[in-house]
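Asks: Numbering (the working numbering), first residue to last: 104 to 199. All residues carry an ideal CB built from backbone N, CA and C; glycine is no exception. Computed from a predicted model, the values in this text were never measured in an experiment. Please read through the structure below; I'll follow up with questions.
Shown next, in the form of structure tokens:
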């Protein structure tokens with residue numbers, strides 16, 4: 104609500120929220136050797152060029168979030184792992 108109402112933040116601020124583990128007791132301890140890898144982790148992205156109510160059903164990795172943040176900030180660094188989450192942006196938005 105603050106982001107939407109404050110003129111300083113409105114139209115220029117992105118918010119990305121995601122946990123680093125599934126919602127179960129085993130991953131809550133951040134064990135180094137889990138019996139299986141997490142398969143379902145939610146993510147919420149809000150911003151001026153992000154599609155509302157868009158659900159991405161394909162696999163997304165945490166390194167994809169990093170590449171997406173770089174694209175939003177229009178920063179060009181040596182390409183690393185991950186890909187920009189282009190399918191969450193409003194159609195026609197140029198992030199590069």
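1. What is the residue span of the alpha helix (DSSP H) that residue 175 lies within?
2. Rounded to whole angstroms, how far is the Cβ of residue 167 from the Cβ of residue 185, which I believe are closer than 8 Å?
3. Taking the beta carbon of residue 64 as the centre, do at least 16 other beta carbons fall within 10 Å, making it buried, or is it exposed?
4. Report all residues from its chain with a CB closer than 6 Å to the CB of residue 146; omit the five preceding and five following residues, and keep chain order.
5. Short of 8 Å in beta carbon distance, which residues of its chain neighbour residue 105, apart from the five on each side in sequence? Order them along the chain.
6. Alpha carbon to alpha carbon, what distance is there between residue 191 and residue 157?
7. Report the option in 175, 179, 189, 188 whose CA atom is closest to the CA atom of residue 116.
Replies: Taking the structure as given:
1. 165-175
2. 4 Å
3. The chain is shown from 104 up to 199; residue 64 falls before or after that span and cannot be answered.
4. 121
5. 112
6. 7 Å
7. 175
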